[in-house]
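Visitor: One structure follows; several queries about it will come next.
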Amino acid sequence: MTTSAFSSRISGFHKQGFQDRVETLASYIQLTDDEQVHLRNTGNLPAEMADRLIENAVGTMNIPIGIATNMRIDGVDRLIPMATEESSVVAAVCNAARQCYDHGGFITSMSGSSMIAQIQLTGVSNPAFARQQILERRDEVAALCNSTDPVLLKMGGGFQDLEVRLLDTPTGSMVIAHLIVDTRDAMGANAVNSMAEKLAPMIASWTEGKTNLRILSNLADRRLARARCIWRTQDIGGPEVRDAMVSAYHFANCDPYRAATHNKGIMNGISAVVLATGNDTRAVEAGAHAYAARKGHYGSLTHWEVNADGDLCGSIELPMAVGLVGGATKLHPTAKIALKILQVQTASDLARTIAAVGLAQNFSAMKALATTGIQKGHMALHAQNIAMMAGAVGDEIDRVARTLVAQAAVRLDVAEAELQKLRSA
Ligand code: NAD
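Number 207 in the working numbering belongs to position 185 of the sequence shown; there are no gaps in the numbering.
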């Protein structure tokens with residue numbers, strides 16, 4: 023495809039409409055007619071909307087949405103839409119939720135709905151003095167923030183607090199102002215970024231410093247979602263399973279190599295709901311991993327203990343900056359339906375539900391790993407993917423997948439051979 027004459031410079035690409043852009047791309051990259059038709063078929067996200075959501079749009083990426091059943095959260099049953107390309111993720115949540123459903127399901131809470139915007143001040147020769155100069159103007163700061171977003175104020179949110187931190191860095195002392203703003207049912211990045219940008223010149227003038235960055239922190243530790251749940255030992259396979267799961271948790275909490283994978287599993291569930299609802303997966307992921315490392319050691323986002331009755335108690339706590347308004351949540355037609363399926367009334371309902379999904383996911387992953395191993399559950403679905411990769415269509419997919427699982431050889435070369443055998447039979 024690429025030759026030495028190939029150039030990635032496409033003049034005016036961003037000014038073209040979606041359809042013209044596909045044509046231009048096709049001429050650069052020699053896309054076939056079928057490939058162009060494929061890109062132009064944007065499914066249930068209209069091309070015009072894709073073109074408005076991002077720059078240089080030439081297609082959409084469809085990901086399956088599955089529904090997690092059996093979830094009971096704070097006494098309310100909810101169906102959970104999950105957008106993921108990874109097999110076993112939806113099934114894991116259904117299974118974990120089934121095993122605690124009769125015992126009441128999940129209990130959740132939230133620490134608040136405030137976001138933090140940071141303003142970086144450099145070149146301040148007297149940082150301690152400057153810190154106080156900023157803190158003294160709290161009322162002015164509050165008024166400016168609230169005038170920047172009167173809607174937030176009307177919704178019961180807006181400015182909450184002002185903090186100023188001093189940082190010693192290789193390029194000198196820095197004064198870091200934190201605007202703490204309740205963004206209610208919005209994720210709030212744009213809202214707080216606008217406030218920080220508006221306030222920065224004033225802070226600079228009060229302190230004689232120079233403002234540099236003005237942006238939210240994704241370590242949204244004023245917006246922690248929490249979920250907890252008890253799985254009765256008798257419902258999960260007995261004390262041996264329970265103890266193996268607790269041991270798996272201790273491994274994760276003490277070893278960052280294990281914790282990364284343990285938390286990745288949690289995010290399998292969390293990111294799938296965040297994506298389905300049109301929220302920002304990267305914001306939630308950044309917040310989660312930063313929170314997992316907040317003590318200077320990267321550990322587990324969940325905690326697992328055995329209570330006095332001998333049952334397994336799981337809990338999770340992590341930043342959950344998600345909204346019901348703003349970003350793509352109210353624009354993407356699929357996200358709107360996902361929110362309808364969830365029947366959440368507030369961003370807090372959504373955040374707490376997502377935390378419960380993360381805990382459920384972690385339960386299933388740990389249980390599988392500590393008992394049969396993860397591959398058994400994965401393989402049936404994975405075998406179908408391998409069969410499709412080998413070219414199987416229709417009935418062939420199940421037939422080839424079954425032979426792969428039966429041979430315990432879920433491999434592309436085996437799938438190709440099996441498909442050939444099937445077709446020549
Ligand atoms: P937004 O600006 O699109 O909408 C939020 C606004 O909606 C509020 O400021 C408020 O004026 C209004 N609003 C109406 N009803 C409301 C209600 N009930 N509660 C609260 N506000 C209400 O979106 P946003 O939430 O400020 O920003 C989210 C977007 O910012 C996401 O798309 C995200 O990807 C993006 N973003 C993220 C980062 C980051 O995470 N680092 C950085 C920049 C942008």
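Ideal Cβ positions, reconstructed from N, Cα and C, are used throughout, including at glycine.
(1) I'd like the list of long-range same chain contacts for Ser386, defined as Cβ closer than 6 Å, with 5 residues on each side in sequence excluded.
(2) Helix, strand or coil for Val347 per DSSP?
(3) Look up Lys232 in the DSSP assignment and give the residues it is bridged to.
(4) What would DSSP say about Thr24, mapped onto helix, strand or coil?
(5) Indicate the three-state DSSP secondary structure (helix, strand or coil) for Ala315 in the structure shown.
(6) If you run the structure through DSSP and keep just helix, strand and coil, what is Leu201?
(7) Rank Ile87, Ala439 and Arg245 by C-alpha distance to the C-alpha of Tyr313 and give the top, closest one.
(8) Along the chain, which unbroken stretches of the beta strand (DSSP E) at least 3 residues long are found entirely within the segment 105–163?
(9) Identify every residue that forms a DSSP beta bridge with Thr324.
(10) Is Asn212 close to the ligand NAD? I mean its beta-carbon at under 7 Å from any heavy atom of the ligand.
(11) Are Ile89 and Ile76 touching if we call contact CB-CB under 8 Å?
(12) Measuring from the CB of Leu174, is there a heavy atom of the ligand NAD at a distance below 7 Å?
(13) Thinking C-alpha only, which one of Ala305, His319, Ala308 and Asp42 is nearest Asp73?
(14) Tell me which same chain residues have a C-beta within less than 8 Å of the C-beta of Ala298, skipping the five on either side of it?
(15) Could you tell me which of Val427, Gly413, Ala281 and Asp96 sits nearest to Leu372, measuring between CA atoms?
(16) Kindly indicate which residue of Arg153, Ala310, Val268 and Lys352 has the alpha-carbon position closest to the one of Asn240.
(17) Consider the C-beta atom of Gly345 and the heavy atoms of the ligand NAD; say whether any pair is separated by less than 7 Å.
(18) For Ile202 and Ile292, which I take to be in contact (beta-carbon distance under 8 Å), what is that distance rounded to the nearest angstrom?
(19) Going by the C-beta, is Arg159 closer than 7 Å to any heavy atom of the ligand NAD?
(20) Is Leu201 close to the ligand COA? I mean its beta-carbon at under 7 Å from any heavy atom of the ligand.
(21) How close, in whole Å, do the beta carbons of His125 and Arg206 come, if the pair is a contact with beta carbons under 8 Å?
(22) Within a Cβ cutoff of 7 Å, which residues of the same chain sit near Arg100, ignoring the five residues on either side of it in sequence?
(23) Grouping DSSP H, G and I as helix and E and B as strand, with all else coil, what is Leu67?
(24) So Ile198 and Ala218 are in contact, right, with Cβ under 8 Å, and what is the actual spacing, rounded?
(25) Could you give the DSSP three-state label for Val366: helix, strand or coil?
Guide: Judging by the given coordinates:
(1) Ala114, Asn117 and Ala118
(2) strand
(3) DSSP output for Lys232 lists Thr144 as bridge partner(s).
(4) The predicted model places Thr24 with a pLDDT of 48, which falls under 50 and marks its position as unreliable; any figure quoted below should be read in that light. Three-state DSSP puts Thr24 in coil, outside helix and strand.
(5) Coil at Ala315, not helix or strand.
(6) strand
(7) Arg245
(8) 128–132 and 136–144
(9) Ile338
(10) Within the cutoff, so yes.
(11) no
(12) yes
(13) For Asp73, the closest of Ala305, His319, Ala308 and Asp42 by C-alpha to C-alpha distance is Asp42.
(14) Ile87, Pro103, Met104, Ala105, Thr356, Ala357 and Ala360
(15) Asp96
(16) Ala310
(17) Distances between the C-beta of Gly345 and the heavy atoms of the ligand NAD include at least one below 7 Å.
(18) Ile202 to Ile292, Cβ: 24 Å. No contact.
(19) no
(20) This structure simply doesn't include the ligand COA; it includes the ligand NAD instead.
(21) About 33 Å separates the two Cβ atoms, so there is no contact after all.
(22) Met93, Leu364, Gln365 and Thr375
(23) coil
(24) Not a contact, Cβ separation roughly 11 Å.
(25) coil
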